[in-house]
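Trainee:
Residue numbers (the numbering used here): 196 to 592.
1) Thinking C-beta only, is residue 516 closer than 8 Å to residue 529?
2) Would you decide whether residue 561 is buried or exposed? Buried here means 16 or more other CB atoms lie within 10 Å of its CB.
3) For residue 394, does the count of other Cβ atoms within 10 angstroms reach 16, so buried, or fall short, so exposed?
4) Which of the three DSSP states, helix, strand or coil, is assigned to residue 353?
5) Output yes or no for whether 8 Å exceeds the beta carbon distance between residue 542 and residue 425.
6) Can residue 231 and residue 242 be called in contact, C-beta distance under 8 Å?
7) Nearest-angstrom Cα distance between residue 288 and residue 366?
8) Output the residue ranges of the alpha helix (DSSP H) runs that lie fully inside the stretch 326 to 390 and measure 4 residues or longer, sorted by chain position.
9) What separation, rounded to the nearest whole angstrom, lies between the Cα atoms of residue 455 and residue 544?
10) For residue 546, name the three-state secondary structure that DSSP assigns.
11) With contact counted as at least three CB pairs below 8 Å, one residue from each stretch, are the stretch 345 to 363 and the stretch 311 to 323 in contact?
12) Taking the alpha-carbon positions, what's the residue 369 to residue 229 distance?
13) Counting pairs of Cβ atoms below 8 Å between the stretch 426 to 446 and the stretch 381 to 400, do you hit three or more?
14) Which residues bound the alpha helix (DSSP H) around residue 576?
15) Assign residue 460 to one of three DSSP states: helix, strand, or coil.
16) Tell me whether the beta-carbon of residue 497 lies closer than 8 Å to the beta-carbon of residue 221.
17) Report the three-state DSSP secondary structure of residue 465 (helix, strand or coil).
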């Protein structure tokens with residue numbers, strides 16, 4: 196496999212840092228080979244839709260579909276050739292045409308432009324990656340729900356501004372993690388990928404009167420939404436995706452940050468089921484899942500910012516801003532997907548030291564809020580509410 200193709204957890208990694216920063220199934224879903232296959236799927240759907248509408252001969256459509264199924268161009272070759280055109284679609288189309296007889300080759304890519312193919316491929320890739328990513332977010336949420344239920348009434352020190360405050364429960368802490376993860380997953384599920392098909396300047400002039408019919412059939416064949424109009428330089432769809440992924444990164448990083456703090460020797464209230472070691476200090480039990488989650492989420496804000504900054508695009512087709520989206524989009528999916536896979540691993544089987552929590556609380560003197568009759572207040576009520584809502588959403592989903 197080529198870059199960004201490390202297998203799902205844990206497995207051997209493809210690159211030096213991939214075992215840490217490219218964990219889970221998302222990297223393979225956004226690998227170079229996956230992008231090429233998605234672009235071929237787009238060209239295949241376009242040919243089939245054009246043939247169904249009578250834009251190209253039926254036999255030509257069948258031949259193009261067959262060629263796209265059989266082709267497997269080397270992504271590295273396409274990448275080198277792309278440098279001459281600022282898009283890998285040009286050499287991809289050339290490769291498809293080279294696999295067909297001359298009378299058929301002219302019908303490849305009919306009515307489309309390079310951005311149609313790459314944007315639609317990006318939607319296919321993102322949809323597949325989000326399926327894998329959401330599986331891990333849901334797994335982390337399920338683990339958090341289990342911790343919240345098991346430790347509904349487990350008392351612990353509450354901490355504000357990194358100082359000991361008043362009592363809370365570990366169940367409420369875990370319920371807070373659950374709420375954030377659940378909300379992030381809901382945001383990602385609310386984002387819907389859509390096809391891109393507008394031709395050279397967004398008018399589909401190359402398809403004549405058949406344009407609207409091809410537009411709708413193209414989307415249907417790919418299983419994607421059909422937008423009201425082409426969105427070549429209207430990039431709010433990418434911005435919403437970036438925002439949802441950024442929010443998800445925050446929701447994943449929050450429990451990871453808590454775990455690193457609670458696992459400190461001086462606190463000792465939790466420990467990971469499979470801690471890591473040190474190259475020089477045999478006594479250490481490092482919370483590697485939480486640490487790796489944080490390493491991945493730390494990359495997200497900059498990638499989100501790049502995608503949002505790329506939204507300002509010129510006229511009907513952008514000069515550079517569109518190309519600027521490709522790598523950050525893939526890297527953002529990998530970063531958030533890796534964080535989700537790591538957090539799921541960290542929360543699953545987390546060891547909670549309730550006795551240490553109680554000892555730390557006793558040492559703090561059980562300070563309570565002024566006027567409080569119960570040191571834990573409504574913590575149990577909030578845990579029950581979070582778990583009920585979580586169960587309801589799972590049932591509805």
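We put the beta carbon where it would ideally sit given N, CA and C, even for glycine.
Computed from a prediction, not measured in an experiment: that's the story for all the values here.
Mentor: Reading it off the structure:
1) no
2) exposed
3) Around the beta carbon of residue 394, 16 or more other beta carbons lie within 10 angstroms, which makes this residue buried.
4) It is a strand residue.
5) For the pair residue 542 and residue 425, the CB atoms are not nearer than the 8 Å cut-off.
6) Their beta carbons are not under 8 Å apart, which means residue 231 does not touch residue 242 by this criterion.
7) Approximately 56 Å between the Cα atoms of the pair.
8) 365 to 385
9) 15 Å
10) Note: residue 546 maps to strand in three-state DSSP.
11) no
12) 36 Å
13) yes
14) Residue 576 -> alpha helix (DSSP H) spans 574 to 591.
15) coil
16) The answer is no: Cβ separation not under 8 Å.
17) The answer is strand: DSSP assigns residue 465 an E or B state.
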